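Undergrad: Below is a structure I'd like to ask you about.
Residue numbers (the working numbering): 2 to 102.
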């Protein structure tokens, strides 16, 4: 019985300190576009041979390309706040199309 009480007390304290588990967020099309742009710039900044002076314009191209593959006006993001698998794949495809040569 003492063990159960201890586990319950620890769980209650954890919820009190950190709140309940985070839920997935819903964002607008504009917000998703911005998240994709951030992901592209972050990803491309880590690449060695990317021209930094044209990187933002090419990432905008990549996001425009990626946004053509998604439909709707609101989108659900994972609890982590990043992109979902299909959203990330759309950005990667856009990068492949816009960062050629």
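Built from N, CA and C at the ideal position, the CB exists for glycine as well.
Remember, it's a predicted structure, so these values are computed and weren't measured experimentally.
1) Apply the 10 Å Cβ neighbour rule to residue 100 and answer buried if 16 or more other Cβ atoms are within range, or exposed otherwise.
2) Could you tell me the boundaries of the alpha helix (DSSP H) in which residue 54 lies?
3) Is residue 62 closer than 8 Å to residue 45 when the C-beta atoms are compared?
4) Can you have a look at residue 88 and say buried or exposed, based on whether 16 or more other CB atoms are within 10 angstroms of its CB?
5) Among 68, 69, 70 and 40, which has the Cα closest to the Cα of residue 56?
TA: Well, looking at it:
1) With 16 or more neighbouring CB atoms inside 10 Å of its own CB, residue 100 falls in the buried class.
2) For residue 54, the enclosing alpha helix (DSSP H) stretches over residues 53 to 68.
3) Result no, Cβ atoms of residue 45 and residue 62 do not sit closer than 8 Å.
4) When all chains shown are included, residue 88 counts as buried.
5) Out of 68, 69, 70 and 40, the CA that lies nearest to the CA of residue 56 is found in 40.
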